[in-house]
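Reading through the structure tokens given below for one structure.
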Amino acid sequence: MSRNNAGLSPELIVTEALRIIDGMGLRNLTMRRLGDALKVEAMAIYHHFPLGKEQLYGAIVEYISDPARAAAPSGAEESGEEPGQDPRPWDERLRAWAHDYRAALLRHSGALPLMIHRRPDTAAALRSAELHYAAFLEAGLPPEEVPGAAAALDSYVLGAVVHQVRAEGLPSRDPAEVDGRFPTVAALRGVAVDHDRVFAAGLDALLAGLTARG
Numbered sequence: 001m002s003r004n005n006a007g008l009s010p011e012l013i014v015t016e017a018l019r020i021i022d023g024m025g026l027r028n029l030t031m032r033r034l035g036d037a038l039k040v041e042a043m044a045i046y047h048h049f050p051l052g053k054e055q056l057y058g059a060i061v062e063y064i065s066d067p068a069r070a071a072a073p074s075g076a077e078e079s080g081e082e083p084g085q086d087p088r089p090w091d092e093r094l095r096a097w098a099h100d101y102r103a104a105l106l107r108h109s110g111a112l113p114l115m116i117h118r119r120p121d122t123a124a125a126l127r128s129a130e131l132h133y134a135a136f137l138e139a140g141l142p143p144e145e146v147p148g149a150a151a152a153l154d155s156y157v158l159g160a161v162v163h164q165v166r167a168e169g170l171p172s173r174d175p176a177e178v179d180g181r182f183p184t185v186a187a188l189r190g191v192a193v194d195h196d197r198v199f200a201a202g203l204d205a206l207l208a209g210l211t212a213r214g
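Counting in the UniProt record's numbering, the sequence shown runs from 1 upward without gaps.
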């Protein structure tokens, strides 16, 4: 096993860290385990993340929440190249962002706790804010309502993912019995939830409601 840091990069470290989180959970991500997965000494990781795990966590959050990462041409990030102006209507841009962000959060749901406790002040967060603000202004919202609309959209996506992850998670050790105390829940307990359909319908309703006065 080669233990030097040849070929190591921040993005390679982050993607390998996410593989560990996806497969083993956030609590099992350690610098030693990450180094073993990358075939380097753990200290080689600190060359790229000198502040340690907290700095790595921040990079993971930025990686997941970057709306341009998947669509950017190879090498665009390294060269500083900015994507061209998106010609799609404002609502198509917001729907595309919402579905892409939801997919990334579901794919890396083990990292959800990291998304909650970090201020959205990264370049990725600012790109999302730029996309949201420009779209809502194009929709006709007055400037004073735009930040709130953007926050509502972000909250909807994150909340929908949390709800789905919990619904598909392990039951509690002592689940409450659905009995006569909860007649409506009991009557509807057999109704299956199509999370994709519910998310799309809720997104349409949210955007319509936010821009109704635009």
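A virtual CB, placed ideally from N, CA and C, is assigned to each residue, including glycine.
Residues of its chain near residue i, where Cβ-Cβ distance is below 8 Å and the 5 sequence neighbours each way are ignored
| i | result |
| --- | --- |
| residue 132 | 94, 97, 146, 149, 150, 153 and 154 |
| residue 115 | 61, 64, 65, 105 and 158 |
| residue 49 | 10, 13, 55, 56 and 59 |
| residue 189 | 178 |
Cβ-based neighbour list, residue i, same chain, cut-off 7 Å, excluding 5 preceding and 5 following
| i | result |
| --- | --- |
| residue 3 | Summary for residue 3: the model assigns pLDDT 49, below 50, so the residue's position carries little reliability, and this model does not support an answer. |
| residue 129 | 150 |
| residue 29 | 17, 20 and 21 |
| residue 138 | 90 |
Rounded straight-line distance, which links the Cα of residue j to that of residue i
| i | j | result |
| --- | --- | --- |
| residue 136 | residue 211 | 8 Å |
| residue 13 | residue 38 | 8 Å |
| residue 15 | residue 143 | 37 Å |
| residue 177 | residue 183 | 12 Å |
| residue 111 | residue 18 | 8 Å |
| residue 55 | residue 175 | 38 Å |
| residue 171 | residue 117 | 25 Å |
| residue 134 | residue 156 | 19 Å |
| residue 46 | residue 113 | 23 Å |
| residue 209 | residue 8 | 47 Å |
| residue 194 | residue 141 | 31 Å |
Cβ pair residue i, residue j closer than 8 Å
| i | j | result |
| --- | --- | --- |
| residue 44 | residue 52 | no |
| residue 186 | residue 196 | no |
| residue 207 | residue 91 | yes |
| residue 33 | residue 20 | yes |
| residue 198 | residue 109 | no |
Proximal residues to residue i (C-beta, below 6 Å), its chain only, five neighbours per side dropped
| i | result |
| --- | --- |
| residue 167 | none |
| residue 126 | none |
Three or more C-beta pairs below 8 Å linking the region 23 to 39 and the region 84 to 95:
Segments in contact, no.
If you scan the UniProt domain "Tetracycline repressor TetR C-terminal" (85 to 212) from start to end, which runs of the alpha helix (DSSP H) of 4 or more residues do you find wholly inside it?
The qualifying runs are 90 to 107, 112 to 116, 123 to 138, 146 to 167, 183 to 188 and 195 to 210.
Taking contact to mean 3 or more Cβ pairs, one atom from each stretch, closer than 8 Å, check whether the region 156 to 173 and the region 198 to 211 are in contact.
At 8 Å Cβ cutoff, the stretches touch.
Pairs of beta-carbons, one from the region 56 to 65 and one from the region 101 to 110, closer than 8 Å: are there three or more?
As far as the Cβ criterion goes, the region 56 to 65 touches the region 101 to 110, which means the pair count is three or higher.
Given 8 Å as the limit, is there contact between the region 44 to 62 and the region 109 to 128, that is, 3 or more CB pairs closer than that?
Because the criterion of three Cβ pairs below 8 Å is met, the region 44 to 62 and the region 109 to 128 touch.
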